[in-house]
């Protein structure tokens, strides 16, 4: 066996024969799993229908498996083969109910992502595939398909003085979107595919008016109903049955207890001019699809404190007892001793972290579903990804504490600093009621950035939502957060190794 | 007692870590408060911030350093075996623990007072610029929040001292106090069972104790400001009692 192999084996023997360290590692796993399950089993979701408590509805799921909102007013005709729809949008207006500051009146106005335009959709079922070309209130012309895809056209709002021509053409399975200011010179916006018989026509919808409070934790998100109305003329349809009637559908409308539709949309037609009103959205349910991975992984925060204590004791026990002198005598290349300790501790804590996450995520998810939450199931690949990255987060934290312990030679100082830089920033984010900007800086600059591994839902530029750390959206991607953590670990281990080489023991 | 107190003072005075921990308590607490009040701004949705609690937010991190100081006062002696010498010189162990408690309480009171005054000054200087009212010590509830925060830090120090006397190992003691302080607020922040949430916040040392910082929306607090501080005091007393009993009956 090589010298380094012997060193690794010696370190592993030390670790596994000290009861406190092994028990501590097991305790970290148990704390993570049990706290996660406790939190999951004390979180309930219930929905009211009138005065009766009912099971919450399951949100529709888009073609890529993500939960979506699919609610709009739809005026359409079937299209079996090739064809096209052309319209001119001459106005977009809207109503916003009870907005700030006084929340006491209904005011005219459009929310920024209010949408009106032409669409081809695979039927009228919520969550079905579609390709749409639209004018928006503040984001210009957009071509969107299948909820998560968004392509920008030209900017600018619609008005009588600046109308927008929109054209959606299908050849084979390919749909092409073109826009024009005058109906004569056209600009390509984008293409997408949609096969089979589709419903083609006009649509209008408008997301709610959102207030995203600057705080997380105690902060609230308010959503107020907003409605959009658009006027279309010069409606041209080719490829559909000649002379067919327009069909009308209030897609996704929810009935009131008395059976009448709740906030219905509608259409009025007079002399070739169609005025369509609608509310809702065609978009992924960002930031509101129920509790995320960070809820069931919450015990990890306390588990990490246990891991930090184990790591600090693992390295400082030897220095305190003078045993390190014997260790270094047996293996005079001091940097290698530290490296061997790091490998053993890193491997043990990686396995512990991965195990804990792999247990608590699926178990906690099941408990949440039993408690009425209707968030979508997590794919096995996502669970595996988060579990492995949790292992990296735990191992990184342990190595940071190890480096601090070797550098400072005092378990208390190592524990204090490691907890202060890894655990406390994240705690401040979750419970501190910090302003969002402060939370995001903490999660960029401190080793707690590595908690970004918990984000499983992407942010969408075309959906306004509460993208805050408190609701599971982090300022850095998972690899970026782990890289920040790795930088601190490298710094601590580097300084520790420099001190170990230079100083007497 | 005064001899023991003097001996404890000499030990702590000559402990290098204590030299930087005490100023750190002040600097870290004020710095965190500064960052928090600087980042606070009112959105168009309105302002839900409590100016006093916001200005005193640094206490939530400063308490971690108070824990380290308290653990150091007893854990350090365990680690080096000095405690045996201490008990030989002063056989009444309870008196030794009491002397340590007086010392840690006094030091935390001093550092905490400076830190809290710094926090309030930070709030006064910065909050009005962000459209939030400045906290004023002439205002009854704000004064209560400030004085209560100092007492909060003292009680956290005594809690940590008791735990460290019971557990003995300083790294493990610090980890245990951190877990005790932070686990419950963490759980309470994420569960959505309001009843359980309130119960947890009434009983756990940190959320109950920090109720003393609230100056707005007092009717919705899970526990009254002084009652909350009393809950923390009960935790500290229990920890000291446990520490005293174990110290008395165990070989050092």
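Residue numbers (the numbering used here), protein chains in the order written: chain A, 347 to 851; chain B, 142 to 393. Every residue, glycine too, gets a C-beta built ideally from N, C-alpha and C.
Problem set entry | Nonlocal neighbours in the same chain, by C-beta distance under 7 Å from residue 308/B, ignoring five residues either side | In the same chain as residue 308/B, and ignoring 5 residues on each side of it, the C-beta atoms closer than 7 Å to its own belong to 314, 317, in chain order.
Exercise. Within 9 Å (strictly less), CB to CB, does residue 372/A reach chain B?
Worked result: no
Exercise. Going by beta carbon distance, what residues of the same chain come within less than 6 Å of residue 658/A, once the five residues before and after it are set aside?
Worked result: Close CB contacts of residue 658/A within its chain, under the 6 Å cut and outside five residues either way in sequence, are with 747, 751, 757, 760, 761 (chain order).
Exercise. What residues of chain B sit near residue 715/A, judged by a beta carbon separation below 7 Å?
Worked result: Ordered by position in chain B, no residue passes the 7 Å Cβ test against residue 715/A, which lies about 15 Å from the chain.
Exercise. Taking a cut of 7 Å between CB atoms, which residues from the region 333-344 of chain B lie near chain A?
Worked result: 333, 334, 337
Exercise. If we ignore side chains and look at the alpha-carbon of each, how far apart do residue 362/A and residue 694/A end up?
Worked result: In this model, residue 362/A and residue 694/A are separated by some 10 Å (Cα to Cα).
For this session: Under 9 Å between beta-carbons, which chain A residues line up against residue 201/B? List them in chain order, please.
Result: 770, 773, 774, 777, 778
For this session: Using a Cβ-Cβ cut-off of 9 Å, state whether residue 662/A counts as contacting chain B.
Result: Judged by the 9 Å Cβ criterion, residue 662/A is in contact with chain B.
Exercise. Quick one: what's got a C-beta closer than 8 Å to residue 832/A's C-beta in the same chain, skipping five residues either side?
Worked result: 742
Problem set entry | Where the alpha helix (DSSP H) containing residue 640/A begins and where it ends | 639-642
Problem set entry | Contacting positions in the region 315-330 of chain B - beta carbon closer than 9 Å to chain A | 315, 316, 317, 319, 320, 323, 324, 326, 327, 328, 329, 330
Exercise. Residue 208/B by DSSP, collapsed to three states: which one?
Worked result: Residue 208/B falls in the helix class under three-state DSSP.
Problem set entry | From 345/B, 179/B, 210/B, 368/B, residue whose alpha carbon lies closest to that of residue 159/B | Closest option to residue 159/B, Cα to Cα, is 210/B.
For this session: Rounded to whole angstroms, what's the CA-CA distance from residue 653/A to residue 254/B? Just pull it up for me.
Result: 34 Å
Exercise. Quick one: which chain A residues come within Cβ less than 9 Å of residue 311/B?
Worked result: 756, 757, 758, 761
For this session: Give a yes or no on whether 9 Å exceeds the smallest Cβ distance from residue 275/B to chain A.
Result: no
Problem set entry | Best match in 834/A, 848/A, 386/A, 707/A for proximity to residue 330/B [C-alpha to C-alpha] | Comparing Cα positions, the closest option is 386/A.
Exercise. Considering only the beta carbon of each residue, do residue 324/B and residue 799/A sit closer than 9 Å?
Worked result: In this structure, residue 799/A does not lie closer than 9 Å to residue 324/B by Cβ.
Problem set entry | DSSP state of residue 145/B mapped onto helix, strand, coil | helix
Problem set entry | DSSP state of residue 454/A mapped onto helix, strand, coil | strand
For this session: Would you please verify whether the beta carbon of residue 369/B is less than 9 Å from any beta carbon of chain A?
Result: no
For this session: Would you decide whether residue 388/A is buried or exposed? Buried here means 16 or more other CB atoms lie within 10 Å of its CB.
Result: buried
Problem set entry | Exposed unless 16 or more other CB atoms sit within 10 angstroms - verdict on residue 605/A | exposed
Exercise. Whose CA, out of 781/A, 630/A, 708/A, lies closest to the CA of residue 803/A?
Worked result: Selected option, being the one with the closest Cα: 630/A.
Problem set entry | residue 564/A versus residue 595/A: straight-line alpha-carbon distance, rounded | Because residue 564/A sits at a pLDDT of 37, beneath the cut-off of 50, its placement in the model cannot be relied upon, and the point is left open.
For this session: Taking residue 466/A and residue 546/A to be in contact with their CB atoms under 8 Å, please state how far apart those CB atoms are, rounded to whole angstroms.
Result: 5 Å
For this session: Starting from residue 257/B, find everything on chain A with Cβ-Cβ shorter than 7 Å and list it in chain order.
Result: Near residue 257/B there are no residues of chain A at all, since even the closest Cβ is about 18 Å away, more than 7 Å.
Exercise. In whole angstroms, what separates the C-alpha of residue 368/B from that of residue 352/A?
Worked result: 59 Å
Problem set entry | Nearest neighbour of residue 155/B, chosen from 266/B, 218/B, 191/B, 179/B [CA to CA] | 218/B
For this session: Look at the Cβ atom of residue 212/B, then the Cβ atom of residue 311/B, and state whether they are nearer than 9 Å.
Result: yes
For this session: Assuming residue 370/B and residue 289/B form a contact by the criterion Cβ under 8 Å, report the distance between their Cβ atoms to the nearest whole angstrom.
Result: 6 Å
Problem set entry | Same chain only: Cβ atoms within 7 Å of residue 179/B, ignoring 5 sequence neighbours per side | 267
Exercise. In whole angstroms, what is the alpha-carbon distance linking residue 840/A and residue 766/A?
Worked result: 20 Å
Problem set entry | Separation of residue 387/B from residue 381/B, as counted between CA atoms | 10 Å
Exercise. Residue 402/A by DSSP, collapsed to three states: which one?
Worked result: Residue 402/A sits in coil when the DSSP states are folded into three classes, being neither helix nor strand.
Exercise. Mind pulling the beta strand (DSSP E) runs of 3 or more residues that sit fully within the region 456-506 of chain A?
Worked result: 461-467, 476-482, 487-491, 495-498
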